[in-house]
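Input: a single structure, listed below in structure tokens.
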Amino acid sequence: MSYDNNNVFARILRGELPCQKLYEDDATFAFLDIMPQSDGHSLVLPKEPAAVLADLSPAALQATMLTTQKLARAVQQATGAPGLRIAQFNGAVAGQTVPHVHFHIIPCYPQQELRAHARESADPAALAAMREKVVAALAALG
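Counting from 96, one number per residue, gives the positions in the sequence shown under our numbering.
Set out below in structure tokens:
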């Protein structure tokens, strides 16, 4: 899979498309998935352009993993989920649909079946409310 500078995540990073931003630093960016598998489903991506994990520099990978850990704590606190699924796909045959490295943080609950991904858009008001919860949890965690 080759990198496409016009992929949806590159456009979000450039501010060309809106998102429910949760976190940003010099190397990473995180936001809510608009077609979540579970309430609070979040995405963490490096700002460095790379289609798959093998193309990412060690420094960008380290920064992305640290942000994933930080955001995972906040998402779990904000949602009260007893578990999280952290997922990363490499290549179309593995399920990757956007050619920009990204990690999914998906809250999981007992007896919950995850919704199918990329099937149904979440209510914008519900996403905004979840964003406030996660951002507050990030602030509380420091």
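Ideal placement from N, C-alpha and C gives every residue a C-beta, glycine not left out.
Nonlocal neighbours in the same chain, by C-beta distance under 8 Å from K116, ignoring five residues either side: Counting only Cβ-Cβ distances below 8 Å, and skipping sequence neighbours, we find F124, A125, F126 and R226.
Are A158 and P141 touching if we call contact CB-CB under 8 Å? Closer than 8 Å, so yes.
If you follow the beta strand (DSSP E) that A211 is in, where does it begin and where does it stop? From DSSP, A211 is part of no beta strand (DSSP E); its letter is neither H nor E.
Does the count of Cβ pairs from the region 193-200 and the region 98-116 closer than 8 Å reach three? yes
Candidates L179, L222 and A221: closest to C203 by CA position: L179
When burial is assigned at 16 or more other CB atoms within 10 Å of the CB, is D134 buried or exposed? D134 comes out buried.
Give, in chain order, every unbroken run of the beta strand (DSSP E) that is at least 3 residues long and sits entirely within the region 137-174. 137-141
Ends of the beta strand (DSSP E) at R180? Unbroken beta strand (DSSP E) run through R180: G178 to A182.
Whose C-beta lies closer than 6 Å to the C-beta of Q132 among residues of the same chain, with five residues either side of it excluded? I201, L209, R210 and H212
Taking only the alpha-carbon atoms, compute the straight-line gap between D121 and M160 and give it to the nearest angstrom. 14 Å
Could you spell out where the alpha helix (DSSP H) holding P202 opens and where it closes? Looking at the DSSP string, P202 is not in any alpha helix (DSSP H); the run it does join, the beta strand (DSSP E), is F198 to C203.
Measuring straight from C-alpha to C-alpha, what distance separates A224 and D218? Taking the straight line joining both Cα atoms gives about 10 Å.
Under a three-way DSSP split, which group does A217 fall into? coil
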